[in-house]
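J.:
Here it is, written out as C-alpha cells:
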C-alpha cells in the first residue's frame, strides 16, 4: 500500500477532538490549488477539522504553506505520485490505480485514518474504487449518489438519488434508495420524517415502467418501518417542488434530470445578465437590485450545495463537482465533516441492516398478493 | 361516426385557400373559453386560417359569438357531447371515446376535413386515439412527441423527442426519432442540416445503457443519408445548449427531463420575483428593468412554444399544454398551421419511407460488424 500517512504526529489534547477529512488533492478541473484553497476556507471557520491530503507532497506543501494562517498544524500528507484523470476508465483505475491520490484518499477511510473522503475527480472511477476498497453495506445491492437540489420546501433543498452511480436500478434497488435517501435527509436536512417520492412520468398509479409499479408497492409497504412517509409517484417538476423531500430514481434518469435542470438554470442566468446589460436603464436597475440578486444567486448557487454523497458503502465518500472552485470544495468538505461528525455512516448501516429483513419481507409479500389476486380473478 | 361536421358551407373563392385546423374545444384545464380565445388570437393575425371546432355546440357557439370580430365566418362545428378527462385511461378512451370531442378532432384529420388537429386534453388518450384513427406511418414502430426547448443556439430553440409518447424505446426506435426529429427541425426551425445528439449520462462512447450504444452505431450509419449531422452522445446540460439542434431520447427520460427543466425555471422565476419585492430599491430596480425582464420572459415563455407534435402518424396532431391559456393555445394552433401549410406530414412520410430501407440496412450492418470483430478477436 502506498497510501499510508507519512507522518503520525502525537496530537496535543486540544487537537484530539478534531475530525480528520481525507482529501484527494488531484484530478479536479481547477487543480490542487483550488482544493487547498477550499480546505483553508473550511479550516478558517471550523476549528474541529483536520486534513489528510493525498497527492505528490512536493507539489502540495508549497500550496499549503501559502495558506499557513488557516492550515498550520492541520494537514498531514499521503505522498502518492499518480493521478486519476477524467478520461480514465473506472475498470482501468480499479486494476492499476493503487498509486493514485484517489485510491489513497478512499483507502484512508477504510483504514480509519480519516472519517470521510472528498474528491473532485472522475465520478465513475471514484465510485468503482469506493466499492472496491470500502465494500457495500451488507444488504445493499447498488450504492447510489445522492445530491441536494434547490426546492420550494422550507429546508430549501430536496435530496435526489441516484444521480449517476449506475444506469440501472430494479424495484429492490429503488426501495433501498428510498431507505438511504430518507436516512440522508434525516441527517443532511434535519427532517424528522422525510417524505419520499418515486420519480415517474405521471402521478397516476397505472403509469410508467413495470419496475416502477413494483417499486411503488415495495416502498409503500416499507415506509412506516423505514421512518418516512411515501407520497407515491412524483414528476420531474417535483424535483425542485414541495410535495416530497426525497426523490428516488435510477442513475440514468437522475443524471439526465439534474444536468437538464443545471443547464436550464445556467441558460436563464446568462439571459438575465444579458437582459441587464441591454440598456442604460437596465444597467442602472441591475445596480439597484444587486443585493436582491446576490441573495437569489446565493440561494441557488450550486457551489453552496456541492457534493454528491455515496450511499450504501462502509464509509463516507463525498464527490465534489469536477470544476469546483475553493467555495465549492469547501462546501463538499463541510458536508463530509457534518456526516462524519453525526456518525451518519454508522446510522445508515444500522438502518440498512434492519431494513434488509424488511426488504426481504416486502419483496415476498406483494408477489404473493399479486399471485393471490390472479388466483382470485381466475 | 358522431364526428362529422354539422355544416358543409360552400366557401366563397376568397376562403378557398384557407387551411382548416381541427380544434378540440374540451378537456383542457382552462376550459373551452381559453381555447376559443386562442383561436381568436390566431385568427386576428392569420387571414388564412379556419377552424373546425369539436365539442357541445350549444356551449361553444356563445363563446365564439363573443369573439365574432375575429372568428366570424371562420368556424364550423362538430357537435359532440362527450369529453375526455385528464383522469380517463387511454385504453378506456380508445374503446368508448367515439362520442368525445378529442376523438372527433382526430377523426376529422383522417377524413381530410381538417389539415391538422390541436387538443389541450389528456396526452396519453390523445396519442392512443391518434394511433388508432390515423395509424402509424409505414416503417414507424413507435410514434414520438417532439417539443421545442429554449436553447443557446441561434434559432433560439432545440427539438427534443420523445417527451412522453411511450416510456420505452429500443435502438431502432431511437434511430427513427433521429430521422423524424431532423425532419421536424428542418421545417419547424428552418435548419438545412440539423445536428442530432443522443441523450446519455456522458459523452464518452463506452458510457450508458446497451441500447444507447447500439443506437449510436445505427444513427452514425444513417446520418448522411438522413440529411443530418450526428454529434454523438450529449448530456442533459446540452438540451438547452448549442452542441445539437435535435436531442433524441426515450419518452420516460425525455418527459422527466423537460419537467425538471420547467420546474427549475419556474422556481428561479418565483425566487426572482421575490427578490425584486424585497426592498424599496429592488422594487424600483424591477420597474427600471421591466422592458429587459419582459424581453427575457418572452424569450423563455413556455407558452410561446406551446405544442408537442406527434411524429410518425398519417396526419399532424399537436398537443397543447393542458393548462394553456389563450396565448398558449394560439401558439399551438400557429404550429399546427405552419406544419399543415408546409406539407410537413407528407414530407415526413416520404422521409420515413426512404429511411425504412436505410434503417433495415443499418440494423443489419453494425451487427455483422460486431460479429466480425468478435471473430477477429477470437
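Chains as they are written, first to last, in this note's numbering: chain A, 1 to 378; chain B, 1001 to 1378.
From the three backbone atoms N, C-alpha and C, an ideal C-beta is built for every residue, glycine too.
Everything numeric in this text was worked out from a predicted model, so none of it was measured.
Could you list which residues in chain B have their beta carbon closer than 9 Å to that of residue 185 of chain A, in chain order?
T.: Going along chain B, no residue has its Cβ under 9 Å from residue 185 of chain A, so there is no contact; the nearest lies around 19 Å.
J.: Output yes if chain B places a C-beta closer than 9 Å to the C-beta of residue 259 of chain A; else output no.
T.: Closer than 9 Å: yes.
J.: To the nearest angstrom, how far is it from the Cα of residue 19 of chain A to the Cα of residue 165 of chain A?
T.: Taking the straight line joining both Cα atoms gives about 27 Å.
J.: Count Cβ pairs between the segment 1313-1326 of chain B and the segment 1034-1051 of chain B that sit closer than 8 Å; are there 3 or more?
T.: The segment 1313-1326 of chain B vs the segment 1034-1051 of chain B: in contact.
J.: My assumption, with CB atoms under 8 Å, is that residue 1379 of chain B sits in contact with residue 1083 of chain B. Please give the rounded CB distance.
T.: Outside the shown range of chain B (1001 to 1378) lies residue 1379 of chain B, about which nothing can therefore be said.
J.: Taking only beta-carbon positions, decide if residue 319 of chain A is within less than 9 Å of chain B.
T.: No, because no Cβ of chain B sits closer than 9 Å to the Cβ of residue 319 of chain A.
J.: Taking only beta carbons into account, state which residues of the segment 1212-1226 of chain B come closer than 8 Å to chain A, listed in chain order.
T.: So the list is empty, because no residue satisfies the distance condition.
J.: Report the neighbours of residue 100 of chain A on chain B: residues whose CB is nearer than 7 Å to its CB, in chain order.
T.: Those within 7 Å of residue 100 of chain A in chain B number zero; the least Cβ separation is about 19 Å.
J.: Identify which residue in A/257, A/185, A/214 has its Cα closest to the Cα of residue 229 of chain A.
T.: Nearest option by C-alpha distance: A/185.
J.: Just the C-alpha distance for residue 1318 of chain B and residue 1080 of chain B, rounded to the nearest angstrom, thanks.
T.: One C-alpha to the other measures close to 20 Å.
J.: Using a beta-carbon distance below 9 Å, is residue 1205 of chain B in contact with chain D?
T.: Within the model displayed, chain D is absent; protein chains A and B are what it includes.
J.: Would you mind giving the Cβ-Cβ distance between residue 180 of chain A and residue 312 of chain A, rounded to the nearest angstrom? I have them listed as a contact below 8 Å.
T.: That pair is a contact at about 6 Å.
J.: Is the CB-CB distance between residue 129 of chain A and residue 145 of chain A below 9 Å?
T.: Cβ distance not < 9 Å, so residue 129 of chain A and residue 145 of chain A don't count as in contact.
J.: With 9 Å as the threshold, decide whether the Cβ of residue 1240 of chain B is near any Cβ in chain A.
T.: At least one chain A Cβ lies under 9 Å of residue 1240 of chain B.
J.: Determine, using beta carbons only, whether residue 1026 of chain B and residue 1121 of chain B come nearer to each other than 9 Å.
T.: Yes, these two residues count as a Cβ contact at 9 Å.
J.: Classify residue 143 of chain A as buried or exposed, calling it buried when 16 or more other Cβ atoms lie within 10 Å of its own Cβ.
T.: Classification of residue 143 of chain A: buried, given that the 10 Å Cβ count is 16 or more.
J.: Would you list the residues sitting across from residue 1146 of chain B in a DSSP beta bridge?
T.: For residue 1146 of chain B, which the question treats as bridged, DSSP gives the partners B/1161, B/1309.
J.: Since residue 1053 of chain B is in the beta strand (DSSP E), which residue starts that stretch and which ends it?
T.: Residues 1049-1055.
J.: When DSSP labels each residue in this structure, what does residue 1116 of chain B get in the three-state scheme?
T.: If DSSP states are grouped into helix, strand and coil, residue 1116 of chain B belongs with the strands.
J.: Within its chain, find whatever has a CB closer than 8 Å to the CB of residue 1099 of chain B; leave out the 5 residues flanking it on each side and keep chain order.
T.: Contacts found: 1002, 1080, 1081, 1082.
J.: Kindly list the residues whose CB is nearer than 7 Å to the CB of residue 1088 of chain B, restricted to its own chain and excluding five residues on each side of it in sequence; keep chain order.
T.: Same-chain partners within the cutoff: 1122, 1125.
J.: By how many angstroms is the C-alpha of residue 1339 of chain B removed from the C-alpha of residue 1197 of chain B?
T.: Near 23 Å, if we compare the C-alpha coordinates of residue 1339 of chain B and residue 1197 of chain B.
J.: Tell me which residues of the segment 139-172 of chain A have at least one Cβ-Cβ distance to chain B shorter than 8 Å, keeping chain order.
T.: Of all residues in the segment 139-172 of chain A, 150, 151, 152, 164, 167, 168 have a Cβ within less than 8 Å of some Cβ in chain B.
J.: Would you decide whether residue 1151 of chain B is buried or exposed? Buried here means 16 or more other CB atoms lie within 10 Å of its CB.
T.: Buried.
J.: Buried or exposed, going by whether 16 or more other CB atoms sit within 10 Å of the CB of residue 262 of chain A?
T.: It is buried - the Cβ of residue 262 of chain A has at least 16 other Cβ atoms within 10 Å.
J.: To which residues of the same chain is residue 256 of chain A closer than 6 Å at the C-beta, ignoring the five residues directly before and after it?
T.: For residue 256 of chain A, where only same-chain residues beyond five positions count, there are no Cβ hits under 6 Å.
J.: Counting only Cβ pairs nearer than 8 Å, list the residues of chain A close to residue 1253 of chain B.
T.: Going along chain A in sequence order, the residues near residue 1253 of chain B (Cβ under 8 Å) are 252, 253, 256.
J.: Quick one: is residue 199 of chain A near chain B, going by C-beta distance under 9 Å?
T.: Interface residue, yes.
J.: What is the rounded straight-line gap between the Cα of residue 1202 of chain B and the Cα of residue 153 of chain A?
T.: Each residue's alpha carbon lies about 30 Å from the other.
J.: Would you say the beta carbon of residue 25 of chain A comes nearer than 8 Å to a heavy atom of the ligand ZN?
T.: Summarising the ligand content, the structure contains no ligands, and the ligand ZN is consequently not present.
J.: What is the DSSP secondary structure of residue 1134 of chain B, reduced to helix, strand or coil?
T.: Correct three-state label for residue 1134 of chain B: helix.
J.: Skipping 5 residues on each side, what residues in its chain have a beta carbon closer than 6 Å to that of residue 1237 of chain B?
T.: No residues qualify anywhere along the chain.
J.: List, in order along the chain, the chain A residues whose C-beta lies closer than 9 Å to that of residue 1262 of chain B?
T.: Within chain A, the residues near residue 1262 of chain B are 236, 237, 264.
J.: Can you check whether the CB of residue 1183 of chain B is closer than 9 Å to the CB of residue 1218 of chain B?
T.: No.
J.: Note down, in chain order, every chain B residue with its Cβ under 7 Å from the Cβ of residue 312 of chain A.
T.: Chain B residues near residue 312 of chain A: none, gap ~19 Å exceeds 7 Å.
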